[in-house]
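Structure first, then comments.
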Amino acid sequence: MALRRGIFGGSFDPPHLGHLLLSERVREALSLDVLHWMPVAQSPFKQGHATTDAAHRMAMIEAAIDGNPRFELSDADLRSKAPHYSVDLLRELRGRWPHDALIFVMGGDAFNGFDRWHRPREILALATLAVVGRPGDPLEVERLTAQWPELRDRLAVVEMPLIDLSSTDIRQRVGAGLSIRYMVPAAVRRYIRQKGLYRTD
Numbered sequence: 234m235a236l237r238r239g240i241f242g243g244s245f246d247p248p249h250l251g252h253l254l255l256s257e258r259v260r261e262a263l264s265l266d267v268l269h270w271m272p273v274a275q276s277p278f279k280q281g282h283a284t285t286d287a288a289h290r291m292a293m294i295e296a297a298i299d300g301n302p303r304f305e306l307s308d309a310d311l312r313s314k315a316p317h318y319s320v321d322l323l324r325e326l327r328g329r330w331p332h333d334a335l336i337f338v339m340g341g342d343a344f345n346g347f348d349r350w351h352r353p354r355e356i357l358a359l360a361t362l363a364v365v366g367r368p369g370d371p372l373e374v375e376r377l378t379a380q381w382p383e384l385r386d387r388l389a390v391v392e393m394p395l396i397d398l399s400s401t402d403i404r405q406r407v408g409a410g411l412s413i414r415y416m417v418p419a420a421v422r423r424y425i426r427q428k429g430l431y432r433t434d
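Residues 234 to 434 (our numbering) are what the sequence shown spells out, left to right.
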């Protein structure tokens with residue numbers, strides 16, 4: 234039986250409660266059978282921060298999603314040869330799951346810049362875009378569908394409340410010796426403390 238697979242990529246450095254809420258909201262809204270968390274080697278959109286070692290990020294994601302049978306951790310993006318693009322990852326996943334529906338999860342900023350992505354038309358042929366809409370951040374649907382009419386049939390918008398959490402802020406708080414309780418799962422907080430991640434001393 235064909236499955237509906239969500240693809241949720243990001244640095245997850247560290248994964249926080251906003252990531253978890255977003256992924257569960259998307260999974261539920263789009264009736265996904267499984268949502269694959271895929272840490273990226275280095276996001277081209279996030280410069281100025283040396284991404285934490287992949288093994289640590291994988292371990293933190295594993296701790297964060299433990300207990301949710303619909304969430305799975307995948308190292309598919311990490312194993313890809315650099316440089317690579319989202320279309321390369323989706324092509325690989327389509328080869329692995331030829332009959333399943335692929336739903337590529339992205340934020341509004343990424344969606345609004347979709348015309349600058351590598352091979353956007355091929356991405357639309359490989360996957361449906363699940364775009365997370367946030368209050369106050371309008372999505373440029375009309376502009377992009379005028380450029381790619383097929384986008385109308387390959388787009389699902391999932392509305393999310395505004396959650397003021399960021400991995401950057403969490404790293405800075407750890408470095409300053411401040412609490413990150415209620416910002417990340419307890420298991421992730423313990424891992425960060427045990428491994429001494431994000432400390433500046």
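For every residue, glycine included, the Cβ atom is placed at its ideal position computed from N, Cα and C.
Considering just the uninterrupted stretch of the beta strand (DSSP E) at residue i, what are its terminal residues?
i    : result
T284 : Element bounds for T284: n/a, residue is neither H nor E.
V390 : L388 to E392
V365 : T361 to G366
Take residue i and list the residues in its own chain whose beta-carbon comes closer than 6 Å to its own, dropping the five residues that flank it on each side.
i    : result
H269 : I240, E305 and S307
A360 : L323, L335 and F337
Alpha carbon to alpha carbon, how far is residue j from residue i? Give it in angstroms, no decimals.
i    : j    : result
T284 : T401 : 11 Å
R303 : S399 : 24 Å
N301 : L236 : 17 Å
V364 : H252 : 14 Å
A296 : A420 : 6 Å
L411 : D397 : 17 Å
H317 : H289 : 22 Å
L357 : P382 : 11 Å
G217 : V391 : Because the chain in this structure spans residues 234 to 434, residue 217 falls outside the shown range and cannot be described.
L263 : Q427 : 37 Å
G496 : P247 : The shown model of the chain, from 234 to 434, leaves out residue 496, and the question about it has no answer.
R414 : A343 : 29 Å
V407 : L250 : 16 Å
Hey, could you find the ends of the alpha helix (DSSP H) residue i is sitting in?
i    : result
H252 : L250 to A262
Residues bridged to residue i by DSSP?
i    : result
R303 : DSSP output for R303 lists no bridge partner at all.
I425 : Looking at the DSSP assignment, I425 forms no beta bridge with any residue, so it has no partner.
G408 : DSSP output for G408 lists no bridge partner at all.
V267 : R238
F337 : I240 and L362
R414 : V417
P272 : G243
D370 : R367
Which residues in the same chain as residue i place their Cβ atom closer than 7 Å to its Cβ, once the five residues preceding and following it in sequence are excluded?
i    : result
A309 : M271, L322, E325 and L326
E355 : V320
G242 : M271, V273 and D310
A292 : Y424
L198 : In the structure as shown, the chain starts at 234 and stops at 434, and residue 198 therefore has no counterpart that could be examined.
R432 : V407 and G408
Check the C-beta distance from residue i over to residue j and give it rounded, since I have them as a contact under 8 Å.
i    : j    : result
F245 : I294 : 5 Å
R238 : V267 : 6 Å
Enumerate in chain order the residues of its own chain whose CB-to-CB distance from residue i is below 8 Å, with the five nearest sequence positions on each side excluded.
i    : result
R352 : Y318 and V320
A287 : P272, A274, D308 and L311
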